[in-house]
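S.K.: Each residue of the sequence shown is one higher than the one before, starting from 1 at the first, in UniProt numbering.
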Amino acid sequence: MSAAEEAVLIPGATVFKRINPFYPLIATNYPVIGIHFHDDDDPQVVDYSQNALASEWALRDGVKQADIAVRQIDGKVVVIGESMGAMVASRLAAKLAADPDAPSTDDIRFVLIAPPEAGVAEWFKEGTYIPVLNYRISRIAESPYPTTIVIGEYDGWADPPDRPWNLISSANALMGIVYVHGPPIAAGDPETLSPENTTTHTNGAGGIVTTHFVPTQNLPLTQVFRDVGVPGVLVDRVDQVVRPIVDAGYVRHDRPGDRRPYLRDGALHRNVQSQQQARAQSRESREDTVDVGEPASTGRLLDRISVDTDPEKSEKTAAEPEAPASDPQTPSESTDGDG
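1) Helix, strand or coil, according to DSSP, for residue 112 in the structure here?
2) Just how far apart, CA to CA, sit residue 307 and residue 257?
3) Between residue 220 and residue 174, what straight-line distance do the alpha-carbon atoms span, to the nearest angstrom?
4) So, helix, strand or coil for residue 217, using DSSP?
5) For residue 182 versus residue 159, is the C-beta distance shorter than 9 Å?
6) Going by the C-beta, is residue 5 closer than 8 Å to any heavy atom of the ligand SAH?
7) To test your reading of the DSSP string, which unbroken beta strand (DSSP E) runs of 3 or more residues are found completely within the stretch 139-171?
8) Residue ranges of each alpha helix (DSSP H) run of no fewer than 4 residues wholly in the stretch 192-245, ordered along the chain?
9) Roughly how many whole angstroms lie between the Cα atoms of residue 83 and residue 120?
10) What is the residue span of the beta strand (DSSP E) that residue 9 lies within?
11) Considering only DSSP beta bridges, list what residue 80 is partnered with.
12) Checking the sheet assignment: what are the DSSP bridge partners for residue 264?
13) Do the CB positions of residue 34 and residue 59 come within less than 9 Å of each other?
14) Given this structure, state the Cα-to-Cα distance separating residue 144 from residue 249, to the nearest angstrom.
15) Looking at residue 212: is its Cβ nearer than 9 Å to the Cβ of residue 198?
16) With a cut-off of 8 Å on the beta carbons, I'd call residue 265 and residue 125 a contact; round off their distance for me.
17) Just grab the DSSP bridge partners of residue 14 for me.
18) For residue 48, count neighbouring Cβ atoms within 10 angstroms of its own Cβ and tell me buried if that reaches 16, exposed if not.
19) Identify, in the order they occur along the chain, each residue of the same chain with its Cβ nearer than 8 Å to the Cβ of residue 239, setting aside the five sequence neighbours on each side.
Below is the structure:
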């Protein structure tokens, strides 16, 4: 971050904020949004609709108001959005990038905290309309601007389970909306994270995207017991039993060979890469016991299986003679209707 930057903060959704008696209290948390991602002593908070029940209108209004705020700044700027505000910031980045007088990538960067479009929105196919929210499913827009994404573990909006039919995992994510989403993650400090919890890649628009995954120490599902005074040592024992069940709802915890379906883009999928890894490990184990004179084609097949993650190619690979007859044919990655 640069000390010369000015910060524009975009808060998340609320309902009927003009008549909501709790809104003044909620708004007191806005200045801490992304507090560890800028050095501006007087950040500007964007005032926009924020109406979760009229999301498309709120997003358009947010982009309009944030665009005005950014263009009034003569110098470098960092735009930080939280929850719905992250959705606004993502759209603003795409809008600015398409402008003939687009700001330089050296002059503006974006921080997206707890973006639902990187979480619960991925359950649905892009373009799906959600009437109760007046919202059409979208993904985080790619832009050439440096972008940081912050996701809290078990946040029900930004980190829901990939298998929502795991009711324990879903219940934990629901409680994560209370204990992880909002102010707790908005005030998170990336400097406290281990290196393995930060990844960086270049998106299709040439922008550098850094993602921080913030672990949650205690399960949100059992946090309420800690809050009412149950001794932590007892709750810790419960967490030890419940956490593996919760984590079973997330593909990131799958072991090699795990073929349980998961939900993404409105369809059921299976972890083809995980299955390939398990089969490759099995072949490696058998390869260690073969005679030196065994044909080298086995090693080449292993390379193809361990590297190739395309489902159609995987099906062809699984049908080759070297594969044992007991190995199942690698399924298509999408298994619509597979219950």
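Note that the Cβ used here is the ideal one computed from N, Cα and C, for glycine as well. Predicted, not measured: the structure shown is a model, and the values here were computed from it.
M.R.: Judging by the given coordinates:
1) In the three-state scheme derived from DSSP, where H, G and I count as helix and E and B as strand, residue 112 is classed as strand.
2) Low per-residue confidence applies at residue 307: pLDDT is 38, beneath 50, and the placement is therefore not dependable, though the value from the model is reported in the following sentence. The alpha-carbon atoms of residue 307 and residue 257 are separated by roughly 15 Å.
3) When only Cα atoms are considered, residue 220 and residue 174 end up about 8 Å apart.
4) Collapsing the DSSP output to three states places residue 217 in coil.
5) no
6) The ligand content of the structure shown is nil, which means the ligand SAH is not present either.
7) Runs found: 147-152.
8) 220-227
9) 11 Å
10) 6-10
11) 9, 111
12) 267
13) no
14) 33 Å
15) yes
16) 5 Å
17) 51
18) buried
19) 218, 219, 222
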